[in-house]
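Asker: Sequential numbering of the sequence shown, starting at 141, is according to this note's numbering. Here a beta-carbon is modelled for each residue, glycine too, at the ideal position from N, C-alpha and C.
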Amino acid sequence: MIFDTHAHYDDSRFDEDREAVLTSLSCHNVSRVVNVAADMESVRTTLALADKYDFIYAAIGVHPDGIAEMTETDIETLRALSAHEKVVAVGECGLDYYGREIPRETQIHWFSRQLALAKECDLPVIIHSRDAAEDTYETVKRFYTGDGAGIIHCFSYGKEMARQFLDLGYYIALGGVVTFKNSKKAKEVAAYVPEDRLLIETDCPYLAPVPKRGTRNDSGNLGYVLDTMAELRGVSRKHIERATYENACRLYRLKV
Ligand code: NI
Numbered sequence: 141m142i143f144d145t146h147a148h149y150d151d152s153r154f155d156e157d158r159e160a161v162l163t164s165l166s167c168h169n170v171s172r173v174v175n176v177a178a179d180m181e182s183v184r185t186t187l188a189l190a191d192k193y194d195f196i197y198a199a200i201g202v203h204p205d206g207i208a209e210m211t212e213t214d215i216e217t218l219r220a221l222s223a224h225e226k227v228v229a230v231g232e233c234g235l236d237y238y239g240r241e242i243p244r245e246t247q248i249h250w251f252s253r254q255l256a257l258a259k260e261c262d263l264p265v266i267i268h269s270r271d272a273a274e275d276t277y278e279t280v281k282r283f284y285t286g287d288g289a290g291i292i293h294c295f296s297y298g299k300e301m302a303r304q305f306l307d308l309g310y311y312i313a314l315g316g317v318v319t320f321k322n323s324k325k326a327k328e329v330a331a332y333v334p335e336d337r338l339l340i341e342t343d344c345p346y347l348a349p350v351p352k353r354g355t356r357n358d359s360g361n362l363g364y365v366l367d368t369m370a371e372l373r374g375v376s377r378k379h380i381e382r383a384t385y386e387n388a389c390r391l392y393r394l395k396v
């Protein structure tokens, strides 16, 4: 069975055929999906999906691109909604320094607030981090560490950085990028992360794996990611599928 630990099925790119895509996933052996919010509006649409579909769980939080207008009232709202029975994580939140105009201090402020909220609610946190390794590490270290504290999603740094986040208790999630020919770092990390800390994700509709690269992604494509990981790690596809499924259940505190 396959667990997609990070998807955005409330994205408008699924408006035409969302129901059909979601109901087709069981044919691809996908049995659980965490839909991840990126702003306060998608917190609501994410919860609506989790209410509608048994196999969909919710992560609620605000992505660095959505924090420009964030307020403490939003933190209060997230705190209240975290009690919803399908909420399994806070996120995605984090730091993105890649060509972004939102000041770094503002990003660090709202990232810290969401880390503290996750810790307070005893939920794992889903972290987005791009071109911001050092600040992400320092902020995480200060606000929320421990076994299963969270996930560094779409991990884009090297092995040394992976080691540092693993040492803080974090899991590493990889998706379509590991199948790209030129993704040397992601391939190295996929081979390096200990078997009990590795997760798979789509980040759909983005980042479709080879041979579907460039098309709209969905959880049905995770087989390509698992095949590549199995090859890189020298284990069977079944083996890594099972390990990543069990890891996701443990991290999100769901029964296998
Ligand atoms: Ni995402």
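For THR145, report the span of its beta strand (DSSP E) as first-last.
Answerer: Run containing THR145: 142 to 147, per the beta strand (DSSP E) assignment.
Asker: Straight-line CA distance for VAL350 to CYS167?
Answerer: When rounded, the distance between both Cα atoms is 20 angstroms.
Asker: Determine the DSSP secondary structure at VAL265, reduced to helix, strand or coil.
Answerer: In the structure shown, VAL265 sits in a strand (DSSP, three-state: E or B).
Asker: Below 7 angstroms, is the gap between the Cβ of GLU232 and the nearest heavy atom of the ligand NI?
Answerer: GLU232 Cβ: within cutoff of the ligand NI.
Asker: Going straight from the alpha carbon of ILE340 to that of THR213, what length do you get?
Answerer: Cα to Cα, ILE340 sits roughly 33 angstroms from THR213.
Asker: Quick check: the Cα distance between PHE251 and GLU278, rounded to an integer number of angstroms?
Answerer: Rounded to the nearest angstrom, the two C-alpha atoms are 12 angstroms apart.
Asker: What does DSSP give as the partner residues of ASP236 in its beta bridges?
Answerer: ARG270.
Asker: May I have the straight-line CA-CA distance separating PRO236 from TYR284, to the nearest angstrom?
Answerer: Strictly speaking, residue 236 in this sequence is Asp, with Pro absent from that position. Taking the straight line joining both Cα atoms gives about 19 angstroms.
Asker: Say yes only if the C-beta of ASP343 is nearer than 7 angstroms to one or more non-hydrogen atoms of the ligand MN, and no if none qualify.
Answerer: Absent from the structure shown: the ligand MN. Ligands present: the ligand NI.
Asker: So for ARG382, helix, strand or coil by DSSP?
Answerer: Three-state DSSP puts ARG382 in a helix.
Asker: Which of the three DSSP states, helix, strand or coil, is assigned to HIS249?
Answerer: If DSSP states are grouped into helix, strand and coil, HIS249 belongs with the helices.
Asker: Within a Cβ cutoff of 6 angstroms, which residues of the same chain sit near CYS389, ignoring the five residues on either side of it in sequence?
Answerer: If we look at CYS389 and ignore the five residues flanking it on each side, its Cβ neighbours are VAL396.
Asker: So what's ASN387 in DSSP terms, helix, strand or just coil?
Answerer: Helix at ASN387.
Asker: Decide yes or no for the touch test of the region 198 to 212 against the region 155 to 163: beta carbon pairs closer than 8 angstroms, at least 3 of them.
Answerer: Flag = no, the region 198 to 212 and the region 155 to 163 do not touch.
Asker: Whole angstroms is fine: what's the gap from ALA223's alpha carbon to ASP179's?
Answerer: So the alpha carbons of these two residues sit roughly 18 angstroms apart.
Asker: So VAL173 packs on ALA199, CB below 8 angstroms; how close in whole Å?
Answerer: Going by Cβ atoms, the distance from VAL173 to ALA199 rounds to 11 angstroms, so no, they are not a contact pair.
Asker: Could you check if SER152 is buried or exposed, using at least 16 other CB atoms within 10 Å of its CB as the buried criterion?
Answerer: Classification for SER152: exposed.
Asker: Do THR384 and THR319 have their CB atoms nearer than 8 angstroms?
Answerer: It is not a contact, given that the beta carbons lie outside the stated cut-off.
Asker: Pull up the distance between the alpha-carbon of VAL375 and that of ALA330, whole angstroms please.
Answerer: Spanning the two alpha carbons is a distance of roughly 12 angstroms.
Asker: What residue does the alpha helix (DSSP H) around SER182 start on, and which one ends it?
Answerer: Unbroken alpha helix (DSSP H) run through SER182: 180 to 192.
Asker: Between LEU372, GLY360, VAL265 and ALA370, which has its C-alpha nearest SER164's C-alpha?
Answerer: Considering only alpha carbons, the answer is GLY360.
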